[in-house]
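So the structure is just underneath, and the comments pick up after that.
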Amino acid sequence: MASGAPALDDLAQLTPTLASLGWTERLDRWAEEVGPALADGGGEGPLVKGRLARVNRGFSLVFTGGDALLAASGTGRTGLGDAPATGDFVLVRLDPRDGPILVALAERTTALCRRAPGRLPEPQVLAANIDVVLVMHGLDRELNLRRLERQLVVAWQSGARPVVVLTKADAVDDPEAAAAELTEVAEGVEVLPLSVVTDHNLERLRDLVPPGNTMALLGVSGIGKSTLVNRLSNGQVQRTGEVRAGDHKGRHTTVTRDLIPLPDGRLMIDTPGVREIGLWQAHDGLAKAFPEIDRVGTECRFADCEHQQEPGCAVRAAVARGLIPLRRLEHYRDLLVELVIQDDQIEDRARRTEARARAEAEDVRDQVRPNRRSRDRSRRK
Ligand SMILES: Nc1nc2c(ncn2[C@@H]2O[C@H](COP(=O)(O)OP(=O)(O)OP(=O)(O)O)[C@@H](O)[C@H]2O)c(=O)[nH]1
Ligand SMILES: [Mg+2]
Ligand SMILES: [Zn+2]
Numbered sequence: 548m549a550s551g552a553p554a555l556d557d558l559a560q561l562t563p564t565l566a567s568l569g570w571t572e573r574l575d576r577w578a579e580e581v582g583p584a585l586a587d588g589g590g591e592g593p594l595v596k597g598r599l600a601r602v603n604r605g606f607s608l609v610f611t612g613g614d615a616l617l618a619a620s621g622t623g624r625t626g627l628g629d630a631p632a633t634g635d636f637v638l639v640r641l642d643p644r645d646g647p648i649l650v651a652l653a654e655r656t657t658a659l660c661r662r663a664p665g666r667l668p669e670p671q672v673l674a675a676n677i678d679v680v681l682v683m684h685g686l687d688r689e690l691n692l693r694r695l696e697r698q699l700v701v702a703w704q705s706g707a708r709p710v711v712v713l714t715k716a717d718a719v720d721d722p723e724a725a726a727a728e729l730t731e732v733a734e735g736v737e738v739l740p741l742s743v744v745t746d747h748n749l750e751r752l753r754d755l756v757p758p759g760n761t762m763a764l765l766g767v768s769g770i771g772k773s774t775l776v777n778r779l780s781n782g783q784v785q786r787t788g789e790v791r792a793g794d795h796k797g798r799h800t801t802v803t804r805d806l807i808p809l810p811d812g813r814l815m816i817d818t819p820g821v822r823e824i825g826l827w828q829a830h831d832g833l834a835k836a837f838p839e840i841d842r843v844g845t846e847c848r849f850a851d852c853e854h855q856q857e858p859g860c861a862v863r864a865a866v867a868r869g870l871i872p873l874r875r876l877e878h879y880r881d882l883l884v885e886l887v888i889q890d891d892q893i894e895d896r897a898r899r900t901e902a903r904a905r906a907e908a909e910d911v912r913d914q915v916r917p918n919r920r921s922r923d924r925s926r927r928k
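Here the sequence shown is numbered in the numbering used here, starting from 548 and rising by one per residue.
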């Protein structure tokens with residue numbers, strides 16, 4: 548946080564009620580349901596409702612409507628199944644001895660999810676319970692269509708509504724022309740050139756996102772995610788960083804995922820820039836991000852046609868007739884292959900986990916059996 552900037556927990560005062568955090572009656576019913584079960588679990592102390600504003604290693608900042616508190620949230624201590632994520636609706640127990648502990652996560656309505664970095668096929672939730680994903684690109688650099696398409700797959704898969712934001716509109720002569728170029732790759736998605744220098748389209752962004760909604764910001768480092776948060780906060784809330792002069796690369800200024808309430812009643816989840824976002828189980832998102840291929844694909848001879856060499860492929864026919872650009876089909880196929888390989892990896896892992904569990908169960912049986920025999924023998928005596 549920049550010096551003089553309010554700390555994230557000070558911003559909690561901008562959401563004086565649970566409702567202003569996005570808490571709903573559905574969540575009240577959930578809390579009523581799980582509350583008694585948690586009490587039976589043996590813990591002591593009252594339960595408090597809230598929303599996760601930042602997840603640190605072992606501890607999370609929780610907004611509770613007016614105040615913020617720091618709760619232990621390491622899965623080891625809390626017994627939570629899922630890893631908590633920024634934007635989660637939660638219950639915190641105020642344990643008289645151990646202090647606040649995160650004890651329950653509500654089922655997410657939406658989740659912006661990527662494949663976690665590393666070898667194992669695992670998901671990582673970047674932002675939970677969001678209404679809109681701002682897929683952001685900077686007009687100060689060349690537009691990378693493949694990156695945008697990949698991000699749109701991830702954004703659609705979240706269940707929230709994607710909006711493409713082209714930042715630094717003041718850096719080019721004709722930002723609307725840049726937006727118009729994207730109609731082909733962003734069918735059904737609003738594309739909004741935006742500038743925090745001239746305030747171009749800030750009102751339009753507000754029109755697109757009703758107060759009370761939560762937006763997640765997605766994009767590479769240095770494109771102005773945190774700058775937009777600051778502009779809409781009317782002040783310095785997030786630290787921002789200059790881009791490198793030569794190649795306009797950012798410096799990875801933001802390192803945490805933060806839920807930031809805005810004075811106008813909207814909420815934003817600022818995220819660290821990611822260069823290439825890994826897909827996680829995103830077949831639906833792929834269909835929504837490539838709607839023209841999905842539509843024509845229903846006419847392929849085989850229902851599981853991958854539009855490669857299969858006979859009777861309507862998509863390749865549409866490409867041959869110039870109705871779908873080859874570039875679109877090629878990228879679609881690359882992303883599909885990535886997802887199919889991932890499906891195999893997940894299945895493989897599940898199979899191995901099951902085999903290991905079976906082997907362990909047999910081990911236990913082998914260890915128990917001699918004891919049982921000796922007990923039987925002693926009984927016979
Ligand atoms: N000209 C211009 N510059 C902008 C605009 N928005 C952001 N910038 C500049 O872009 C640079 C990077 O902005 P940040 O907000 O730190 O970028 P970020 O996306 O949060 O980057 P990370 O936190 O590293 O992921 C800063 O120097 C901003 O002043 C804009 O609308 N116009
Ligand atoms: Mg930032
Ligand atoms: Zn096909």
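Just so it is clear, CB atoms sit at the ideal spot from N, CA and C, and this is done for glycine as well.
Give me the residue from A861, E591, E580 and T611 with the minimum Cα distance to G569. Proximity to G569 across A861, E591, E580 and T611 peaks at T611, based on C-alpha coordinates.
When DSSP labels each residue in this structure, what does H684 get in the three-state scheme? H684 falls in the strand class under three-state DSSP.
P838 lies in the alpha helix (DSSP H); which residues open and close that run? Residues P838 to G844.
Terminal residues of the beta strand (DSSP E) in which Q671 lies: P670 to A675 is the span of the beta strand (DSSP E), which, as asked, contains Q671.
Beta-carbon separation (whole angstroms), R763 vs L673, contact threshold 8 angstroms: It should be pointed out that residue 763 corresponds to Ala in this sequence rather than to Arg. Between L673 and A763 the Cβ distance is about 7 angstroms, and since that is below 8 angstroms, they are a contact.
Please tell me whether, using a cut-off of 8 angstroms, the distance from the CB of H962 to the nearest non-hydrogen atom of ligand 1 is below it. Because the chain here runs from 548 to 928, residue 962 falls outside it and cannot be looked at.
Below 9 angstroms between beta carbons: does that hold for V712 and A836? no
Ends of the beta strand (DSSP E) at A763? T761 to L765
For the structure I just gave you, are there three or more beta carbon pairs, one from the region 822 to 831 and one from the region 871 to 889, closer than 8 angstroms? yes
Exposed unless 16 or more other CB atoms sit within 10 angstroms - verdict on S550: With a pLDDT of 46 at S550, under the threshold of 50, the predicted position of this residue should be treated as unreliable, though the coordinate-derived value follows. S550 should be labelled exposed.
Taking the alpha helix (DSSP H) that E696 belongs to, which residues open and close that run? L692 to Q704
Would you say S773 touches ligand 2, meaning its beta carbon is less than 8 angstroms from a heavy atom? Taking the Cβ of S773 as the reference point, at least one heavy atom of ligand 2 falls within a distance shorter than 8 angstroms.
I'd like the span of the beta strand (DSSP E) that includes L805, first residue to last. Reading off the sequence, residue 805 comes out as Asp, not Leu. Run containing D805: D805 to P808, per the beta strand (DSSP E) assignment.
Between which two residues does the alpha helix (DSSP H) containing L862 stretch? Looking at the sequence provided, one finds Val at residue 862 rather than Leu. Where V862 is concerned, the enclosing alpha helix (DSSP H) stretches over A861 to A867.
Could you tell me which residues DSSP puts in a beta bridge with E737? Beta-bridge partners assigned by DSSP to E737: V710.
Nearest neighbour of R694, chosen from L641, L729, G759 and A630 [CA to CA]: L729
Does the distance from the C-beta atom of H795 to that of D890 stay below 9 angstroms? no
Can you tell me whether D678 is buried or exposed, with buried defined as 16 or more other CB within 10 angstroms of its CB? buried
Could you tell me which residues DSSP pairs with K596 in its beta bridges? Paired residues: L638.
Looking at ligand 2, does it come within less than 8 angstroms of Q855, judged from the CB to the closest heavy atom? no
Express the C-alpha separation of R880 and A834 in angstroms, rounding to a whole number. 12 angstroms
Distance check for E591 and H878, CA to CA, integer angstroms please. 54 angstroms
Classify L667 as buried or exposed, calling it buried when 16 or more other Cβ atoms lie within 10 Å of its own Cβ. exposed
Once you ignore the five residues that flank L779 on each side, which residues in its own chain have a CB closer than 6 angstroms to its CB? L809
Between the region 843 to 851 and the region 860 to 880, do three or more beta carbon pairs fall short of 8 angstroms? At 8 angstroms Cβ cutoff, the stretches touch.
Output the distance between the C-alpha atoms of G685 and G735, rounded to the nearest integer angstrom. 21 angstroms
Is P647 near A675, with beta carbons less than 9 angstroms apart? no
According to DSSP, is L826 helix, strand or coil? coil
Within 9 angstroms, strictly: CB atoms of L594 and G634: no
Inspect the CB distances between the region 806 to 825 and the region 751 to 771 and report whether three or more fall short of 8 angstroms. yes
Flag R822 as yes when its Cβ comes closer than 8 angstroms to any non-hydrogen atom of ligand 2, and as no otherwise. It does not: the Cβ of R822 is nowhere closer than 8 angstroms to a heavy atom of ligand 2.
Answer yes or no: the CB of G782 versus the heavy atoms of ligand 4, is any distance below 8 angstroms? This structure lacks ligand 4; its bound ligands are ligand 1, ligand 2 and ligand 3.
Can we count T633 as close to ligand 2, meaning its CB is less than 8 angstroms from some heavy atom? no
Residues that I648 bridges to, as DSSP identifies them: A619 and R640
DSSP has V609 in a bridge; who is on the other side? L599 and L616
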